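According to my numbering, the sequence shown is numbered sequentially starting from 26. Reading through the structure tokens given below for one structure.
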Amino acid sequence: MNKSGDHSNIKQVSYRNTMIKNNINITKGSGLFASGIRGFLTLLACSVFITACSISPVDKSNFKYEGGFADFDDIKIAVGDQAPDFTLPDADGKQISLSSFKDKSHVLLVVYRGEWCPFCMSQLDSFESLLPLLGRFDIQLVGVSPDISNKVNKARKKFDSDYIFLSDENMEMIDLYGLRKNEDIPHPATILINSKGEIVWFYASSNFKVRPDALQMRKIIGKHLRNRTI
Numbered sequence: 026m027n028k029s030g031d032h033s034n035i036k037q038v039s040y041r042n043t044m045i046k047n048n049i050n051i052t053k054g055s056g057l058f059a060s061g062i063r064g065f066l067t068l069l070a071c072s073v074f075i076t077a078c079s080i081s082p083v084d085k086s087n088f089k090y091e092g093g094f095a096d097f098d099d100i101k102i103a104v105g106d107q108a109p110d111f112t113l114p115d116a117d118g119k120q121i122s123l124s125s126f127k128d129k130s131h132v133l134l135v136v137y138r139g140e141w142c143p144f145c146m147s148q149l150d151s152f153e154s155l156l157p158l159l160g161r162f163d164i165q166l167v168g169v170s171p172d173i174s175n176k177v178n179k180a181r182k183k184f185d186s187d188y189i190f191l192s193d194e195n196m197e198m199i200d201l202y203g204l205r206k207n208e209d210i211p212h213p214a215t216i217l218i219n220s221k222g223e224i225v226w227f228y229a230s231s232n233f234k235v236r237p238d239a240l241q242m243r244k245i246i247g248k249h250l251r252n253r254t255i
């Protein structure tokens, strides 16, 4: 009986040792698998975040190819008006006036909340596909935000383009156009100004997640500036 019992114990110990070895081998193999899964989940999370922070194009029911649109009462600009002039520092501290573009180029004026806003960066990123069109129509894209100069410079470095970024730290231009939302944030706005300094189209909304995208702006530019010459 003792011999039989000893033999049974030896089998159990041997079985346990085999299971431990197998578990160790599985763990070693699954380490790479787990690492791959973690990498995939990280990429998936980043993809979900980027998608969640991308702008939605303006709904067709609110998107007007003629005139302007604003869903708040404080707006101070209108289509056909001369765009109010302003002078602000760029990323290098150089003072730039809106009037300096008059008779030289059209202006696509983009008022955004700040370099920290992923929706703002998403819109500007989408507009990079318009660069050939902007060049063909002699349109200068000018971005204005309440960011201080180093943040404006950071925004400039994000885009390999000819965008001009201006700092409206005191929100003087933002107030001039009636775009202030609260103490330090503007309503996002996209304003098309011809070479005569006239506002030909604009879209401003309290919904910062919804803005004209590149495809919509392509149609707007084609409609309003096709027959315009500098």
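Backbone N, C-alpha and C define an ideal beta-carbon position, used for all residues, glycine too. All figures in this text were calculated on a predicted structure; none of them were measured in a lab.
ILE246 and ASN232 have their C-alpha atoms some 23 Å from each other.
Under the three-pair Cβ rule at 8 Å, the region 217-229 does not count as touching the region 142-158. Cβ contact annotation for PHE162 (same chain, cutoff 7 Å, sequence separation greater than five): HIS131, ILE246 and LEU250, in chain order. Per DSSP, VAL167 is one residue of the beta strand (DSSP E) stretching across 164-170. Annotated as distal: ILE224 and ALA95, with beta-carbon spacing of 8 Å or more. Closest by C-alpha distance to SER170, out of SER125, GLU208, VAL135 and LEU201, is VAL135. In the DSSP annotation of this structure, the continuous segment of the beta strand (DSSP E) that includes ILE121 starts and ends at 120-122. A straight-line Cα-Cα distance of about 10 Å links GLU153 and LEU166. For the region 138-166, the continuous alpha helix (DSSP H) assignments of 4+ residues that do not extend past its boundaries occur at 143-152 and 156-161, in sequence order. In this structure LEU149 touches GLY168 by the C-beta definition: roughly 7 Å separates them, less than 8 Å.
In the three-state reduction of the DSSP assignment, HIS212 falls in the coil class.
If you draw a straight line from the Cα of VAL104 to the Cα of LEU133, it is about 14 Å long. ASP115 is not a Cβ neighbour of PHE184, given a cutoff of 8 Å. Taking all protein chains shown into account, SER151 has 16 or more neighbouring C-beta atoms within 10 Å of its C-beta and is therefore buried. Annotated as proximal: ASP172 and SER192, with beta-carbon spacing under 8 Å. For ILE189, the uninterrupted beta strand (DSSP E) segment begins and ends at 189-192. Restricting attention to SER230, LEU158 and ILE102, the CA atom closest to the CA of LEU201 is found in ILE102. For GLY247, the enclosing alpha helix (DSSP H) covers residues 239-250. Residues GLU140 and PHE190 of the same chain have their beta carbon placed closer than 6 Å to that of ALA180, with the five preceding and five following residues left out of the count.
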